[in-house]
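Just so it is clear: in the sequence shown, position 41 is 41 by the working numbering, and no numbers are missing. Note that beta-carbon positions come from the ideal geometry of N, C-alpha and C, so glycine has one too. Notes to accompany the following structure.
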Amino acid sequence: MEISYRLNKITEKVTNDNIADIGTDHAYIPIFLYKNNKIKNAIACDISKGSLQKAKDNINKYNLNDIIKTRLGNGLEKITLEDKVDTIIIAGMGGMLMLDILKKGSLIASNAKELILQPQKDIDKVRQYLIENNFKIIDDEILKDDNKYYTIIKAINGNEAIPYTKEEYIFGRFEINNKCQILKEYIEEQLYKMEIVLKNIKNSNAKSRILELENDIEIYKEVFKCL
Ligand SMILES: C[S@@+](CC[C@H](N)C(=O)[O-])C[C@H]1O[C@@H](n2cnc3c(N)ncnc32)[C@H](O)[C@@H]1O
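Next up, the structure:
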């Protein structure tokens, strides 16, 4: 079974047997994990009947009905403590939606051994929520797949000994400390785009947007220099 580089990277982070994949859609994550002997059981959840049907069809195709159970529901609402889920994966959705899922399902989330999150945007807010809610980020990786950038965050229960800076919330402590070249490339592209926008609106009366952009450009340039 072939999966994208992004999905492959997500599956590489899994270190437990019993997973829940929230927003599973095609169920490629649990199917791939089982086919590669990385898990024993999975619960594939989705809020959409259509997506869950896609998941069921693929699970059927690989004859994994006894291994991967499907549940229709919002976020973690259909997961119980009795499910003894070790790893929660939430990938391919916006950060604010992800936070809503984590907040509403905080009991289930805090009982898992690891969270593997791949927010599509508002990544800084996901990091901040984790740090402020007794999670510790133990892995954080930016990657490029099909010309798009993605970030995968892995968290466990615990507290950060050293507080996160604003820059670390935005770009990731691991990426900055490791002088990650993909992050450097990402920042360079963002700077290029932001500078074009700034040039176009510089003489307009969008003062607060101009200030915001100037401030962002400064932060991005500072971090770029460290990489
Ligand atoms: C873009 S797909 C991502 C699929 C897969 N996780 C991946 O990373 O390739 C997002 C999926 O999340 C589901 N979804 C959106 N909101 C959800 C929620 N509140 N609870 C569960 N699933 C949700 C959608 O129905 C859709 O199937």
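**Request:** Just the C-alpha distance for Tyr34 and Glu114, rounded to the nearest angstrom, thanks.
**Result:** Here residue 34 is taken as the residue at index 34 of the sequence shown, counted from 1. Here residue 114 is taken as the residue at index 114 of the sequence shown, counted from 1. Here the alpha carbon of Tyr34 sits roughly 18 Å from the alpha carbon of Glu114.
**Message:** With a threshold of 7 Å (Cβ to nearest heavy atom), would Gly231 be considered close to ligand 1?
**Reply:** No information on residue 231 is available, as it lies outside the stretch 1 to 227 that the chain covers here.
**Entirely enclosed alpha helix (DSSP H) segments - the region 2-33, minimum 4 residues** = The qualifying runs are 5-12.
**Item:** For Asp140, the first and last residue of its enclosing beta strand (DSSP E)
**Value:** Indexing the sequence shown from 1 puts residue 140 at position 140. For Asp140, the enclosing beta strand (DSSP E) starts and ends at Phe135 to Asp145.
**Asked** What number of angstroms, rounded off, separates the C-alpha of Ser229 from the C-alpha of Ile123?
**Response** No answer is possible for residue 229: it lies beyond the span of the chain, which begins at 1 and ends at 227.
**Prompt:** Identify the residues that DSSP records as bridge partners of Arg278: which are they?
**Reply:** Beyond the ends of the chain as shown, which are 1 and 227, falls residue 278; an answer cannot be given.
**Message:** So, with DSSP's three-state summary, where would you put Gly95?
**Reply:** Numbered from 1 along the sequence shown, position 95 holds the residue referred to as residue 95. Of the three classes helix, strand and coil, the one that applies to Gly95 here is helix, per DSSP.
**Asked** Skipping 5 residues on each side, what residues in its chain have a beta carbon closer than 6 Å to that of Ile68?
**Response** By 1-based counting over the sequence shown, the position of residue 68 is 68. Cβ neighbours of Ile68 beyond the five flanking positions: Pro30, Ala42, Ala44 and Ile59.
**Message:** Check this for me: beta carbons of Lys226 and Ile162, under 8 Å apart or not?
**Reply:** Numbered from its first residue, the sequence shown carries residue 226 at position 226. Numbered from its first residue, the sequence shown carries residue 162 at position 162. A quick correction: the sequence has Cys, not Lys, at residue 226. Not in contact: Cys226 and Ile162 (Cβ atoms no closer than 8 Å).
**Prompt:** Between Ala55, Ile22, Thr11 and Phe174, which lies nearest to Glu77 when the distance is taken from Cα to Cα?
**Reply:** Stepping through the sequence shown from its first residue, residue 77 is reached at position 77. Answer by Cα proximity: Ile22.
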